[in-house]
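With the working numbering, you'll find the sequence shown wraps up at 515, consecutive numbering, no jumps. Don't be surprised by glycine CBs; every beta carbon is placed ideally from N, CA and C. Structure first, then comments.
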Amino acid sequence: MMMMMMMKKSQLSKGQAVTFSHYYMNVSSPLTTDRKKTIKFEFNGKVLLERLTSRDFLNYARQKGVAKKLEKWSETVSEIEQLLSDAEEKQLMINEAMHQWLIELTHLAYDVDDILDKLSTQMLTGMDETGAGSSKVRSFIQKVKLYFNNSEMEGITHRLRKLSTKQKELLKNVNSNIETTSLPALQRSPSSIVLNTPVAGRDGEIRKIVGLLSRDYESSRTTSFHSVAIVGMPGVGKTTVAAHVFIADAMEQFYPKVLVSVSHNFNLETVTRAICRKVTSQPSDQNDFSEVQDDFNRAIAGKRFLIVLDDVWSSTCDYESWTTMQSHFRVGAPGSTILVTTREEKVAKLIGATEVYNLKVLSDEECLNIFMQHINNHRPPNFDAVFAKKIVEKCNGLPLAAKTLGGILRCEEVDRWNEVLDDKLWSISNNESNILPVLKLSYHYLPSTLKRCFAYCSIFPNNYEFGKKQLILLWMAEGFLQQPERSNQMEDIGGN
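Listed below in structure tokens is the structure:
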């Protein structure tokens, strides 16, 4: 554990792009030449507070004469967390001084955690010793006192007080010049397709795209396949439409059928292996890449296939890689089709798309239908349809935004609806769409415990598939799961 802490501290000192711990999450990139970044972190003081205020823990601390110090720590940690929460909500900008303060705070959190770990271990050991006789208990209590050196604890108290004072000064300076920031373009990369996603307003478009894929093209006389591109802004529903096209009855004329999520990492070998795995239903990770290519060619040779490549980016899909990949497609039967979804017209040109279908935004009425589907029967008692329309207008015709807002407000009272409608996060500008503020809101309104668990998943590469049990064990190892009642197993808490 200590080795892990030392590693994280050194990462912080170097300003690494992604650092995760129990108490601090910095999910923005290192400070660049302008020395400014948006506050996008969470000091998870609740983890410390839950330990510091535990009844059994405090009772034991009183026996050791350190309860008052721990209570002071609890008050200061609570104050720091409240101020940081306010800073994050306001999307304040940080400078080098604030960045350094965050590093110092994180280091201090580790030191506090060390002492709490010692005390917890000794408390549990003391319980075991109790059954062995009172003389051993007295001997144990005497030894415990040696672990808790007053100067060490006073040092932490002083550091906490100093950081709290410094934080108020820093945030006061930041508040005097509040800025909102344009956050980077959203990089959405679904690892699986959820086919129960509402497709309100898209039935006609799905039929048109199915028709495009089924059409006989003149080019089929000279080449065995053709390409079709669905182009649209983030959140407009490209993936959902492509998924419903993929399962349409008319697509049964194709075999094999493969759908692969590419995202912003169009690596020729990775994508080819992913396609081959689905076509052959065999693992391809252990084989040499040339063997994988041969297996792929054999699997589709002479067959009329359909391959859907979801979310292709021009920044990683270059002409050379695409030319190499499409050389394998030529072994298929005439009428084979490649369907690509992308947010960029240039990708459609790059792949030589025979047809380009531009997916437009939905009407407010169609977005309202999606929103209401996700609210379902969980409307507040004094529900107002006019007010719902005002919220849906924030979606700018994006179905993903309507779905996300419905999830946020499901089972919530009207006061929360007002809070979301007036939230300052709507002021975050984005050149492409209004989807980013909506997704930011969905994170913002998560309970702090779920924020930690959710943000932790960003350490995995895009499209990485992990098992439920694996993820729960990782959350447990990081200390993200709390056990309010001893009767509840950690695994059950994580699963729920």
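C-alpha distance - residue i paired with residue j, whole-angstrom precision
i      : j      : result
Arg349 : Leu455 : 39 Å
Leu205 : Ser461 : Interpretation of Leu205 is limited by its pLDDT of 32, a score under 50 that renders its predicted location unreliable; no figure is taken from the coordinates.
Trp132 : Thr140 : Sequence check: residue 132 is Asp here, not Trp. Cα to Cα, Asp132 sits roughly 12 Å from Thr140.
Ser93  : Ala421 : 40 Å
Asp235 : Val250 : 22 Å
Met270 : Ser243 : 17 Å
Ile212 : Leu465 : With a pLDDT of only 45 at Ile212, under the threshold of 50, the placement of this residue in the model should not be trusted; the figure read from the coordinates follows. If I take the Cα positions, the gap works out to 23 Å.
Val258 : Leu89  : Note that residue 258 is Thr in the sequence shown here, rather than Val. Looking at the two C-alpha atoms, the distance is approximately 51 Å.
Gly498 : Ile134 : 16 Å
Leu417 : Glu173 : 55 Å
Gln392 : Met495 : 35 Å
Glu484 : Leu490 : 10 Å
Val331 : Pro253 : 12 Å
Glu123 : Lys187 : 15 Å
Asp75  : Val85  : 14 Å
Met509 : Cys472 : 14 Å
Asp329 : His177 : 54 Å
Ile319 : Tyr274 : 8 Å
Glu339 : Ser346 : 11 Å
His463 : Leu121 : 20 Å
Lys322 : Gly486 : 34 Å
Ile357 : Gly223 : 21 Å
Trp341 : Cys476 : 30 Å
Lys408 : Asp442 : 16 Å
Asn507 : Gln82  : 28 Å
Ala116 : Ile99  : 16 Å
From the options, residue whose alpha carbon lies closest to that of residue i
i      : options                        : result
Thr361 : Ala318, Leu369, Thr95          : Leu369
Gly351 : Trp332, Glu384, Arg317         : Arg317
Leu77  : Leu124, Leu138, His126         : Leu138
Asp394 : Ile326, Leu424, Glu384, Gly486 : In the sequence as presented, Asp is not what sits at residue 394; that position holds Ile. Taking only the C-alpha atoms, the option nearest Ile394 is Leu424.
Asp13  : Leu469, Lys488, Thr356         : No answer is possible for residue 13: it lies beyond the span of the chain, which begins at 20 and ends at 515.
Phe390 : Asp337, Met142, Glu497, Leu419 : Leu419
Ser246 : Leu287, Pro480, Met344         : Met344
Tyr129 : Lys88, Glu90, Leu179, Ala80    : Leu179
Gly256 : Thr176, Ile175, Asn377         : Asn377
Glu363 : Ala474, Asp403, Ser282         : Ser282
Lys365 : Asn415, Gln119, Ser467, Ala248 : Ala248
Lys470 : Glu310, Leu458, Asn481         : Leu458
Cys414 : Asp403, Ser73, Leu440          : Leu440
Pro480 : Lys187, Thr144, Arg226, Ser280 : Ser280
Ala372 : Leu232, Tyr274, Leu381         : Leu232
Asp403 : Val359, Trp436, Lys379, Leu381 : Trp436
Ala219 : Asn388, Val311, Phe473         : Asn388
His126 : Cys476, His347, Ala116, Ile175 : Ile175
Ala80  : Tyr338, Ser333, Asp136, Lys227 : Asp136
Pro353 : Trp341, Pro302, Gln272, Glu385 : Gln272
Ser333 : Lys227, Ala116, Val359         : Val359
Ser73  : Ser170, Lys276, Met142         : Met142
Delimiting residues of the alpha helix (DSSP H) encompassing residue i
i      : result
Leu458 : 454-463
Leu232 : 222-233
Ile389 : 383-394
Ile294 : 287-299
Gln316 : The sequence given here places Asn at residue 316; Gln does not occur at that position. First-last of the alpha helix (DSSP H) with Asn316: 308-319.
Ala262 : 257-265
Val380 : Looking at the DSSP string, Val380 is not in any alpha helix (DSSP H), and its letter there is neither H nor E.
Cys16  : Outside the displayed range of the chain (20 to 515) lies residue 16, so it cannot be described from this structure.
Tyr483 : No alpha helix (DSSP H) holds Tyr483; DSSP gives it neither H nor E.
Asn437 : 433-440
Under 7 Å between C-beta atoms of residue i and residue j
i      : j      : result
Gly513 : Leu493 : no
Arg292 : Val260 : no
Thr289 : Ser183 : no
Asp383 : Val411 : yes
Ala267 : Val229 : yes
Leu287 : Val327 : no
Ser355 : Phe308 : no
Phe285 : Cys336 : yes
Val380 : Ala367 : no
Where the beta strand (DSSP E) containing residue i begins and where it ends
i      : result
Thr356 : 355-361
Ser246 : 244-250
Tyr376 : 374-377
Ser573 : Only positions 20 to 515 of the chain appear in this structure, which leaves residue 573 out of reach.
Leu328 : 325-329
Chain D contact for residue i (CB, 7 Å cutoff)
i     : result
Arg81 : Of the protein chains in the structure, only one exists, and it is not chain D.
With a cut-off of 8 Å, do at least 3 Cβ pairs link the region 423-434 to the region 398-414?
yes
Spell out a yes or no on whether the region 312-326 and the region 291-299 are touching, meaning 3 or more CB-CB pairs, one atom from each, closer than 8 Å.
yes
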